[in-house]
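**Student:** Residue numbers (this note's numbering), protein chains in the order written: chain A, 1309 to 1591; chain B, 1309 to 1591; chain C, 1309 to 1591; chain D, 1309 to 1591.
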């Protein structure tokens, strides 16, 4: 047995889980496939098989075309809502006697099973990124099919919990940051477009400029949001002077004011998740 | 202004938030204090102030003695349950017409406000660790006061979402691991106690031994769970030979079997959170 | 006493050394200054003071203008050559009786004191980088004043020892490399100029392209030399197809040949130091 | 071709070099072998072959027994001294006319070829560590055979240049340091022996204790020298109170004095190399 790397072990675990399933039955068209896979993912206990199944769901999902994805979201909506019969039982029990337990039963029964589905899909390697990408597709369909609003609410609910500000890591963005990340910063700048690398450099390298981005450990090297700061000696009256390439930089020591002149959300798939507010409130 | 480090900026943000509050009013005994702080934390919109308040809640909580903590958990139970009047309205609306919206309203109304309280406490620097420690206290009180079961259910619910297997990072534990982490491994080993550093070394350094631990990014250098593996040429019949110091190590290349002979949960505050199952199922 | 960081401690040490000197006497014009500083640096035993003096020499050197630097190199040439009287004694001793000792005495006496001067200047924080920069100035003067050839020989001798291939670290250069390093790669590419970031990316990111650079631990993030490699299915007949933006990338697995199509030396101050040869021989 | 890691590439380069040689001729007993290999290493131009040869020299050297090593050091002494005929020519030239060139020729001709041999052996992967280990053997033989003094002088000369203080990196040693490094600290403590992990911890973890070690980039995770510091409120009168386990730690902020109470050299193979002085002078 070759010296097993961590990746090897993880793979082995996933494969062992995989071998517990008969994946051949999922052979009748990608969508049916996907729904069957999701059913099993929700019904199974063992997380080992769970990892393998979640992986499979994501692989199959990616193979879908636009229309198929739309139908998959519809089946998410209709198939994985709350368990209403359980809910009605819980409501009756609650009405006969309110208690922590009966209240809790209502809460659990009224929780859409989509929540648990998303939790389990997140087990897959790269699961978080895959779910953020899935929501990008969902938002596109939502524009033309408002009946998917509830499905999106569930994505939002899970993401708000996972991307809790307390889990985000803030990193300085400067000229020592990797080109891969800087490129994303350039693409995502939404307020004052960055024209080219020279322009970018002018925003992160001078002594009186700062750029900070928030990252989530499960989305390595994927900035979630970033803010551009100008250190100045007076409150900014206009953006022109701040972006001007002619201005003379001042030393950070001389600055008295930090102007948060631009904030950009990098992840369309995380639209509306609250970590955004947080920084804007600082602006 | 000195060159602001990331920590500086985070602090500034927290302080700016802090300055938006009048913390002096919280001056009449730690418990009342704490409840008032939690009320405000739940009621406020701005996350900047939220960070400052969450920080304050944790500071005050730590200052409580055992009995005071018990009373705080009781007030969590009674004060931050679901909003029943809202719930009853939602139920009536649902009974008049089931729909995504009415179902969703029930779910939201029946959700204990403790969930949101925990989410907001997690905003504090080191919040996650503080909440895991808080649950250790809670479990102690739960043993003598079963009425706190529901409060614990809410901690479990949040932790299951936050510590989703997909967010955990697996790292090899070996002789190049820091003494701080190795010491925890030694303390937490629950199955086959580790006598001393020599014993520990015998389990992580030989060519036919492996140790892996799972970490959560928000609990840096805090192993959550670890598993000890013996690479052997045959399925293990007994633990004796595996732990024997006399045995000759084999090279990993010659091994045909990986025996997961021990798995230990390191965080009492995460008891019952499912990432444990996962590995055990691999054993 | 504030919790002392490593930097603090190093500074303290340097300062303590500094305080052992009276730096005020160095007050009569930068060049004289510099020569006095170098004399003291060579004459002193304590390395603590050595660190402070070396630091001072470099500070003063940087303040010199071109002509002053030229005169400083001249004084290096005349002032810090071998000790001829010692040498003649050693030669006589050797001629009376050859032995390890007499041979060694000749070698030591014939060694220009510049060697030791360079060794001691290297004690300064950032000393290695400062000396590499100093040689850039020296090479400029050498073009118009061949009498400095011997001074340059001594720089070469020290650099060949310090930049021994065994101390260099090879790192893959790709899109995850910092912009600061990538920018240097772009500037230094000497064989097939890199037009812009897009061109650069085409050379480091595709599956069939590789770029490796050598670094020296004392020149952090300063590539010394880098080589661009194309993975192909056949020996390259021309550079055109390799640099063509139209070509289709192949997967590294399919490649049978690694074409080292470009190698560039990044450090004018290290011209002629042999690690260059090494890679070219691999080309 | 599998995605080539840096190691792969380095190996390839070494192998390509290797293939340029006919290593089969080195087949008549390890010592002869070694001398032939060293001759070739010194005579060859291409560093690629150099890497392969240097590697080979080290492999063969390690296979020698004590007596064979002694004889190898003797052959180093007699075979790789200065080139005396060249030297005499250089001396004559110098006596006819002193000049930079004639002086330089004397210096080069009087330099033992061992210097170049050591430089080239350092080309091998892990060459620096191998040479430091080689000197440990040499020092053992030197005790019984003083005729090897000159060979050791040459090791010292090279090491003084390579381990120039300017190339050393100082790192804080604390409870977050790897067990592998801490174990070496424990073994190497020469002044006040460290009894066990508990004792060690008492010296690196309390708020009023510091431990710093110097590392060389080419000897990864091998401390060269370390110093133990006690932060106190008064100059130490005796070591007892400092090492006492009963004492109460003070906070670093309250400390007024840093007592360097112990300094230990970790590398017998670097005995006498000057970075030691440096710290002692600070004590």
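All C-beta atoms, glycine included, are put in the ideal place defined by N, C-alpha and C.
Using only alpha-carbon positions, find the residue among 1467/A, 1549/A, 1503/A that is nearest to residue 1437/A.
**Tutor:** To locate residue 1437/A, count along the first chain from 1; it is residue 129. Ranking the options by Cα distance to residue 1437/A, first place goes to 1467/A.
**Student:** What is the rounded straight-line gap between the Cα of residue 1347/A and the Cα of residue 1421/A?
**Tutor:** Locating residue 1347/A in the first chain gives position 39, counting from the first residue. Locating residue 1421/A in the first chain gives position 113, counting from the first residue. Roughly 10 Å separates the two Cα atoms.
**Student:** Can you check the segment 1338–1425 of chain A for any alpha helix (DSSP H) of at least 4 residues that lies completely inside it and give the ranges in chain order?
**Tutor:** 1338–1351, 1355–1370, 1374–1387, 1392–1404, 1408–1418
**Student:** Which chain D residues are close to residue 1344/B, counting only those with a beta carbon under 8 Å from its beta carbon?
**Tutor:** Position 36 of the second chain, counted from the start, is the residue given in the question as residue 1344/B. Here the premise fails: no neighbours, minimum Cβ distance about 33 Å.
**Student:** Can you find a C-beta in chain A that's less than 8 Å from the C-beta of residue 1389/B?
**Tutor:** As a first step, residue 1389/B is located in the second chain; it is residue number 81 there, counting from the start. Interface residue, yes.
**Student:** Quick one: which residues of the segment 1468–1490 of chain D get their C-beta closer than 9 Å to a C-beta of chain C? List them in chain order.
**Tutor:** 1468, 1469, 1470, 1472, 1473, 1474, 1475, 1477, 1478, 1479, 1480
**Student:** Mind listing the chain D neighbours of residue 1427/C? Cutoff is C-beta to C-beta under 7 Å, in chain order.
**Tutor:** Residue 1427/C sits at position 119 when you count from the first residue of the third chain. Ordered by position in chain D, the residues that pass the 7 Å Cβ test against residue 1427/C are 1469, 1472.
**Student:** Give the DSSP-derived three-state secondary structure of residue 1333/A in the structure shown.
**Tutor:** Position 25 of the first chain, counted from the start, is the residue given in the question as residue 1333/A. Confidence at residue 1333/A is low in this model, with a pLDDT of 46, below 50, so the placement of that residue should be treated as unreliable; the coordinate-derived value is given next. Reduced to three states, the DSSP call for residue 1333/A is helix.
**Student:** Return the bridge partner residues of residue 1471/C from the DSSP annotation.
**Tutor:** Mapped onto the third chain, residue 1471/C falls at position 163. DSSP, once it has assigned bridges, lists no residue as partnering residue 1471/C.
**Student:** Whole-angstrom Cβ separation of residue 1450/B and residue 1457/B, contact assumed at under 8 Å?
**Tutor:** The residue you call residue 1450/B lines up with position 142 of the second chain. The residue you call residue 1457/B lines up with position 149 of the second chain. With a Cβ gap of about 7 Å, residue 1450/B and residue 1457/B count as contacting.
**Student:** Taking 8 Å as the CB-CB limit, is residue 1392/A close to chain B?
**Tutor:** As a first step, residue 1392/A must be located in the first chain, where it is residue number 84. Yes, contact with chain B.
**Student:** For residue 1444/A, does the three-state DSSP call read helix, strand or coil?
**Tutor:** Start at 1 with the first residue of the first chain, and residue 1444/A comes out as number 136. Residue 1444/A: helix per DSSP, three-state reduction.
**Student:** Under a Cβ-count criterion, where at least 16 other Cβ atoms within 10 Å of its own Cβ denotes burial, should residue 1546/D be classed as buried or exposed?
**Tutor:** On the fourth chain, residue 1546/D is found 238 positions in, with the first residue counted as 1. By the 10 Å Cβ count, residue 1546/D comes out exposed.
**Student:** For residue 1349/B, which residues in the same chain have their Cβ closer than 8 Å to its Cβ, ignoring the five residues on either side in sequence?
**Tutor:** Numbered from 1 along the second chain, position 41 holds the residue referred to as residue 1349/B. Answer for residue 1349/B: 1358, 1361, 1362, 1365, 1425, 1428, 1429, listed in chain order.
**Student:** Name the chain D residues whose beta carbon is nearer than 7 Å to that of residue 1558/C?
**Tutor:** Here residue 1558/C refers to the residue found at position 250 of the third chain. What residue 1558/C touches in chain D: nothing, since even the nearest Cβ is about 10 Å away.
**Student:** If we ignore side chains and look at the alpha-carbon of each, how far apart do residue 1432/B and residue 1470/A end up?
**Tutor:** To locate residue 1432/B, count along the second chain from 1; it is residue 124. To locate residue 1470/A, count along the first chain from 1; it is residue 162. Rounded to the nearest angstrom, the two C-alpha atoms are 15 Å apart.
**Student:** Using a Cβ cut-off of 8 Å (strictly closer), state whether residue 1366/B contacts chain A.
**Tutor:** Here residue 1366/B refers to the residue found at position 58 when the second chain is read from its first residue. So no, residue 1366/B is outside the interface.
**Student:** Whether or not the segment 1474–1492 of chain C and the segment 1522–1532 of chain C are in contact is what I'm after, with contact meaning three or more pairs of Cβ atoms, one per stretch, closer than 8 Å; do they touch?
**Tutor:** yes
**Student:** For residue 1436/C, name the three-state secondary structure that DSSP assigns.
**Tutor:** As a position in the third chain, residue 1436/C is number 128, starting the count at 1. DSSP, reduced to helix, strand and coil, places residue 1436/C within a helical segment of the structure shown.
**Student:** Check whether the segment 1558–1573 of chain B and the segment 1534–1543 of chain B touch, using three or more Cβ-Cβ pairs below 8 Å as the test.
**Tutor:** yes
**Student:** If you measure from the beta carbon of residue 1531/B to each beta carbon in chain A, is any gap under 8 Å?
**Tutor:** As a first step, residue 1531/B must be located in the second chain, where it is residue number 223. So no, residue 1531/B is outside the interface.
**Student:** By the DSSP assignment, the alpha helix (DSSP H) with residue 1491/A in it spans what residues?
**Tutor:** Stepping through the first chain from its first residue, residue 1491/A is reached at position 183. Residue 1491/A -> alpha helix (DSSP H) spans 1487–1496.
**Student:** Does any residue of chain A have a CB that is nearer than 8 Å to the CB of residue 1329/B?
**Tutor:** Residue numbering aside, residue 1329/B sits at position 21 when the second chain is read from its first letter. Because the pLDDT at residue 1329/B is just 48, under 50, the model does not fix this residue reliably, and the value given afterwards should be weighed accordingly. Cβ-Cβ to chain A under 8 Å: no for residue 1329/B.
**Student:** Return yes when the Cβ of residue 1577/B is within less than 8 Å of the Cβ of residue 1387/B, no when it is not.
**Tutor:** By 1-based counting over the second chain, the position of residue 1387/B is 79. By 1-based counting over the second chain, the position of residue 1577/B is 269. Not in contact: residue 1387/B and residue 1577/B (Cβ atoms no closer than 8 Å).
**Student:** So which of 1517/D, 1572/D, 1530/D, 1548/D has the shortest CA-CA distance to residue 1561/D?
**Tutor:** Residue numbering aside, residue 1561/D sits at position 253 when the fourth chain is read from its first letter. The residue with the shortest Cα to Cα distance from residue 1561/D is 1517/D.
**Student:** Indicate whether at least one CB of chain D lies closer than 8 Å to the CB of residue 1576/C.
**Tutor:** Within the third chain, numbered from 1, the residue matching residue 1576/C stands at position 268. No, because no Cβ of chain D sits closer than 8 Å to the Cβ of residue 1576/C.
**Student:** Taking the straight line between their C-alpha atoms, what separation do you get for residue 1330/B and residue 1504/B?
**Tutor:** The sequence position of residue 1330/B within the second chain is 22, counting from 1. The sequence position of residue 1504/B within the second chain is 196, counting from 1. With a pLDDT of only 48 at residue 1330/B, under the threshold of 50, the placement of this residue in the model should not be trusted, and no figure is reported.
**Student:** I'd like to know whether the C-beta of residue 1540/A is nearer than 8 Å to at least one C-beta of chain B.
**Tutor:** The residue you call residue 1540/A lines up with position 232 of the first chain. No, residue 1540/A lies away from the interface with chain B (no Cβ there is under 8 Å from its Cβ).
**Student:** Does DSSP classify residue 1476/C as helix, strand or coil?
**Tutor:** Taking the first residue of the third chain as 1, we reach residue 1476/C at position 168. In the structure shown, residue 1476/C sits in coil (DSSP, three-state: anything other than H, G, I, E or B).
**Student:** Please classify residue 1511/D as buried or exposed, where buried requires at least 16 other C-beta atoms within 10 Å of its C-beta.
**Tutor:** Within the fourth chain, residue 1511/D is the residue found at index 203, counting from 1. It is buried - the Cβ of residue 1511/D has at least 16 other Cβ atoms within 10 Å.
**Student:** Contact defined as beta carbons within less than 8 Å: I believe residue 1410/D pairs with residue 1417/D. What is the distance between those atoms, to the nearest angstrom?
**Tutor:** Here the question's residue 1410/D lines up with position 102 in the fourth chain. Here the question's residue 1417/D lines up with position 109 in the fourth chain. With 8 Å as the limit, residue 1410/D and residue 1417/D do not qualify as a contact, their Cβ atoms being about 11 Å apart.
**Student:** Indicate whether residue 1463/B and residue 1532/B have their beta-carbon atoms separated by less than 8 Å.
**Tutor:** Here residue 1463/B is taken as the residue at index 155 of the second chain, counted from 1. Here residue 1532/B is taken as the residue at index 224 of the second chain, counted from 1. Against a cut-off of 8 Å, the Cβ pair of residue 1532/B and residue 1463/B comes out as no contact.
**Student:** Quick check on DSSP: helix, strand or coil for residue 1454/C?
**Tutor:** For the purposes of this step, residue 1454/C is taken as the residue at position 146 of the third chain. Three-state result, residue 1454/C: helix.
**Student:** Quick check on the burial criterion: 16 or more other C-beta atoms within 10 angstroms. Buried or exposed for residue 1341/D?
**Tutor:** Indexing the fourth chain from 1 puts residue 1341/D at position 33. Looking at its Cβ environment, which holds 16 or more other Cβ atoms inside 10 Å, residue 1341/D is buried.
**Student:** Mind checking who residue 1568/B pairs with in its DSSP beta bridge?
**Tutor:** Your numbering for residue 1568/B matches position 260 in the second chain. Note: residue 1568/B sits in a beta bridge opposite 1537/B.
**Student:** For the segment 1498–1528 of chain D, which segments carrying the alpha helix (DSSP H) assignment without a break, of at least 4 residues, lie completely within its bounds, in sequence order?
**Tutor:** Complete alpha helix (DSSP H) runs here, min 4: 1505–1512.
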